[in-house]
Amino acid sequence: MYVLVCFHAPPRRTMAASRASSPRPLGIIVNPSSGRDARRLFARADSSTIQTKRNQVERILVGAAAAGVQKVILAPDAFRISQNACAAIGVKIEVEMLKFRLENKATDTARAVRLMQEAGCGALAVLGGDGTSRIVTQTWLDAPLLPLSTGTNNVFPLMLESTVAGAAAGAVAAGLVPLKKAARRTKRIVVEIEGEPPDLALIDAVHLVDDHTGNLLPFDPTCMRTLVLSRALPDAVGMSPVGGLLEPCRAEDDFGVAVSCVAPDPNQRRILAPISPGLYRPIHVSNVRRIELGEPVSFAGPGLVAVDGDRERKLEKGQNVQLRVERDGPFVIDPAQTLSEAARLGHYEGHTHWHDQRDEGGFECC
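Residues -12 to 353 (the working numbering) make up the sequence shown, in order.
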C-alpha cells in the first residue's frame, strides 16, 4: 500500500546516479511496552506514551522519505502505533505492514525481524530499550540498525531526534552511504549456560542470587554477584555505571569489564551507583577488572542470569555459566557519521522538489 502521498524523488542526476548500492527497504520496529512497565512505580523513570511513539515513527518516515527511501516495512503492534503513524504522514513512501498473529510477547519482535531480513531490508530503525535491541540481535546478529531509546535503563539505544534517525537509517537503506562508512560492528556478551542454548546480551549480563525470573523491579544490590559489561559508562544508569564508576569502558574500546559484588561488607569497596533513573543504591565491590575480547568469565548457580536487565535464565545449583565479550554484534549506524558522509558525496544538492501536506509544498514546488 501507499500512504497519502505528495513526494517526488530527488533528480536522478544528483542522488540516484551515485548511490553506493541499490535502494532497499527500511524496516521499522516499535516495542509498544518499552518505557511503560512497573519500574515507573519504584524509580523516577519517564514514561514513553503511545502517542510519543507514534509521533516518533511519523518523523522517522518523513526523514527516510527525504533520504530517498522508496519503501518501508513496519511491524504491527497491539496499540496500532505504526498503522496510525502511516495514516496521515503526507509524504510519498510505499508502506508494507507485516501481517502475522500478535502474541504480545518478545516473539512478535523476533518474527518481524526475520520477515524484514527475508525481505532484504537495508537497515532497521528500532524503537525500544536495551532488551528490544537484544531481541533484534538474537534474530539477526549482523543487522544494520539504528536503535532509538524509549525504555528505562538504556545504554545501547541512542537519544536522538527521530527525524534525524530516519534520515540516517534511510541513507543506508537507500544506498546513499555504504554500511562500512556508516556503522561499526558493536560488542556483545556471549552467554553460555551448561546444558542450554546459548544467549547474548548487548550491554550487561549479571549473576543474581535470591531473585526470581520475570521480576521487573530494580536490581537489589545485595543480590548481585558477577557482572560482565560490554560498556561500563560512568554517565549512564543501570548496571553499566557499576563498572563505569571504577573502570570506564566505552563502545569503541576493544575490551569489557568484569565486576564482582558481595553482600554488604565494611571491608570491601563501596560505591553509590544510579541503578535506575533517579534511584541510587550503595553497592559493595570486591573486584573490578578489564577483560579482553574473548576472555571467559565463569561462575555457577544457583541463582539466575539477567541479560540487559531482563531476568530470564534460571540457574540450578552447580550449573556452570561462561560469559565473554566479543565484537561480533550488530552494525550500529552512526547518524552524524552517516549524514556527514552523505553530505560529502553531494547527495543533498538539487533536493528541492519536495511535497509535504503539512506545508503545501515548497518555494520550488510544482
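We treat Cβ as the ideally placed atom computed from N, Cα and C, and that holds for glycine.
Excluding the 5 residues preceding and the 5 following residue i in the sequence, name in chain order all residues of the same chain whose CB lies nearer than 7 Å to its CB.
| i | result |
| --- | --- |
| G296 | D117, G118, N140, G225 |
| M354 | With the chain covering -12 to 353 only, the question about residue 354 has no answer from this structure. |
| R46 | S149, T150, G153 |
| R98 | F87 |
| P(-2) | Caution applies to P(-2), whose pLDDT of 41 falls short of 50 and renders its modelled position unreliable; the model cannot decide the point. |
Taking only the alpha-carbon atoms, compute the straight-line gap between residue i and residue j and give it to the nearest angstrom.
| i | j | result |
| --- | --- | --- |
| E282 | T126 | 24 Å |
| S149 | Q43 | 6 Å |
| E105 | A130 | 12 Å |
| R101 | P235 | 35 Å |
| R67 | V151 | 23 Å |
| E90 | R11 | 28 Å |
| Q38 | V275 | 42 Å |
| V294 | I270 | 19 Å |
| P134 | L48 | 15 Å |
| R345 | G77 | 7 Å |
| L204 | P144 | 21 Å |
| L61 | A72 | 10 Å |
| I320 | S69 | 22 Å |
| D315 | D240 | 14 Å |
Could you check how far apart the C-beta atoms of residue i and residue j are, in whole angstroms? I think they sit under 8 Å.
| i | j | result |
| --- | --- | --- |
| A223 | T173 | With 8 Å as the limit, A223 and T173 do not qualify as a contact, their Cβ atoms being about 15 Å apart. |
| S273 | V249 | 5 Å |
| T213 | H194 | 4 Å |
| A245 | G231 | Not quite, the Cβ-Cβ distance comes to about 13 Å (not below 8 Å), so this is no contact. |
| L280 | F242 | 7 Å |
| P322 | L132 | Between L132 and P322 the Cβ distance is about 12 Å, and since that is not below 8 Å, they are no contact. |
CB-CB under 6 Å to residue i, same chain, minus the five flanking residues each way: which ones, in chain order?
| i | result |
| --- | --- |
| K304 | G288, P289 |
| K168 | E328 |
| T325 | A155, A158, V164, A169 |
| N18 | G115, T119 |
| V56 | L13, G157, A160, A161 |
| D95 | L89 |
| R298 | T200, N202, L291 |
Give every residue of the same chain whose Cβ lies closer than 8 Å to the Cβ of residue i, excluding the five residues on either side of it in the sequence, and list them in chain order.
| i | result |
| --- | --- |
| G182 | Q306 |
Got a sec: is the Cβ-Cβ distance from residue i to anything in chain B below 8 Å?
| i | result |
| --- | --- |
| F286 | Of the protein chains in this structure there is only one, and it is not chain B. |
Problem - contact_flag[the stretch 102 to 112, the stretch 143 to 160] where n(CB pairs < 8 Å) is 3 or more - result: Enough Cβ pairs lie closer than 8 Å, so yes.
Exercise for the section: Flag this pair as touching only if the stretch 77 to 92 and the stretch 176 to 196 have three or more C-beta atom pairs under 8 Å; answer yes or no. Expected result: Flag = no, the stretch 77 to 92 and the stretch 176 to 196 do not touch.
Practice task
Counting only runs of 4+ residues fully inside the stretch 123 to 184, write out the alpha helix (DSSP H) ranges in chain order.
Solution key: 149 to 160, 166 to 169, all fully within the stretch 123 to 184.
Exercise for the section: Please list the segments of the beta strand (DSSP E) lying wholly inside the stretch 190 to 223, counting only runs of 3 or more residues, in order along the chain. Expected result: If one requires a minimum length of 3 residues, the beta strand (DSSP E) runs lying completely within the stretch 190 to 223 are 191 to 195, 211 to 216, in chain order.
Practice task
Scan the stretch 61 to 123 and note each continuous alpha helix (DSSP H) run of 4 residues or more that stays entirely inside, going in chain order.
Solution key: The qualifying runs are 68 to 74, 93 to 105.
Handout entry: Secondary structure, alpha helix (DSSP H): runs of 4+ residues fully inside the stretch 256 to 303
Key = Not a single unbroken stretch of the alpha helix (DSSP H) spanning 4 or more residues falls wholly within the stretch 256 to 303.
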